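Chemist: As given, the protein sequences belong to chains R and C, one line each in that order.
The first sequence begins at 50 in the numbering used here and counts up by one.
The second sequence begins at 4 in the numbering used here and counts up by one.
Ideal Cβ positions, reconstructed from N, Cα and C, are used throughout, including at glycine.
As the structure is a prediction and not an experimental result, all values here were calculated from the model.
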Amino acid sequence: MAWIDLIRESEATGSLAKLYQTARDRAGYIAQIIQVMSRDADVAAESIRFYVRLMKSPNALNAARRELLAAVVSNVNDCYY
Amino acid sequence: MTKSHVETLQSHGFDDDQITIATQVISYFNYINRVADGLGVDPM
Numbered sequence: 050m051a052w053i054d055l056i057r058e059s060e061a062t063g064s065l066a067k068l069y070q071t072a073r074d075r076a077g078y079i080a081q082i083i084q085v086m087s088r089d090a091d092v093a094a095e096s097i098r099f100y101v102r103l104m105k106s107p108n109a110l111n112a113a114r115r116e117l118l119a120a121v122v123s124n125v126n127d128c129y130y
Numbered sequence: 004m005t006k007s008h009v010e011t012l013q014s015h016g017f018d019d020d021q022i023t024i025a026t027q028v029i030s031y032f033n034y035i036n037r038v039a040d041g042l043g044v045d046p047m
């Protein structure tokens with residue numbers, strides 16, 4: 050359980066409901082990291098937009114190298130994310 | 004990322020575009036790891 054109260058999908062309205070639906074359409078589920086940012090949907094949306102642009106769109110590094118970097122950083126930080 | 008890291012990557016043939024993206028990927032995951040750990044996110 051997170052240490053703050055999250056806004057669940059069933060409780061979401063407005064821009065948060067839209068954010069959750071977009072996440073579900075993209076990944077098939079709503080990641081916990083998105084739910085934990087649910088207290089401010091606009092900030093969460095910008096964070097996710099940056100993630101998608103950086104990690105899921107074509108750029109100077111191929112997707113495998115980007116994912117490998119992410120895995121190494123998260124391992125160094127001993128973090129699932 | 005430090006100047007030394009950048010120079011090492013350049014010596015291995017990574018160009019500046021690639022190093023820019025790599026730096027941002029590293030920084031993004033440091034940020035999101037801190038958000039996750041700071042708020043006690045469940046997981047993976």
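Using only the alpha-carbon positions, how far apart do Y69 (chain R) and R88 (chain R) sit?
Modeler: Position 20 of the first sequence, counted from the start, is the residue given in the question as residue 69 (chain R). Position 39 of the first sequence, counted from the start, is the residue given in the question as residue 88 (chain R). Going from the Cα of Y69 (chain R) to the Cα of R88 (chain R) covers about 13 Å.
Chemist: Just verifying my parser: in three-state terms, what is the DSSP assignment at G77 (chain R)?
Modeler: Here residue 77 (chain R) refers to the residue found at position 28 of the first sequence. Of the three classes helix, strand and coil, the one that applies to G77 (chain R) here is coil, per DSSP.
Chemist: So, helix, strand or coil for Y31 (chain C), using DSSP?
Modeler: The count along the second sequence starts at 1 and reaches residue 31 (chain C) at position 28. Three-state DSSP puts Y31 (chain C) in a helix.
Chemist: How far does the alpha helix (DSSP H) with Y100 (chain R) in it extend, from its first residue to its last?
Modeler: Working through the first sequence from its first residue, we reach residue 100 (chain R) at position 51. Element bounds for Y100 (chain R): A90 to M104.
Chemist: For the segment 95–106 of chain R and the segment 10–23 of chain C, state whether three or more C-beta atom pairs, one from each stretch, are separated by less than 8 Å.
Modeler: With a cut-off of 8 Å, the segment 10–23 of chain C and the segment 95–106 of chain R do not count as touching, because too few Cβ pairs lie within range.
Chemist: May I ask you to list, following chain order, the residues of the segment 107–126 of chain R that have a beta carbon less than 8 Å from some beta carbon of chain C?
Modeler: Those residues of the segment 107–126 of chain R that come within reach of chain C (Cβ to Cβ, closer than 8 Å) are N108, A109, L110, R114, R115, L118, A119, V122, S123 and N126.
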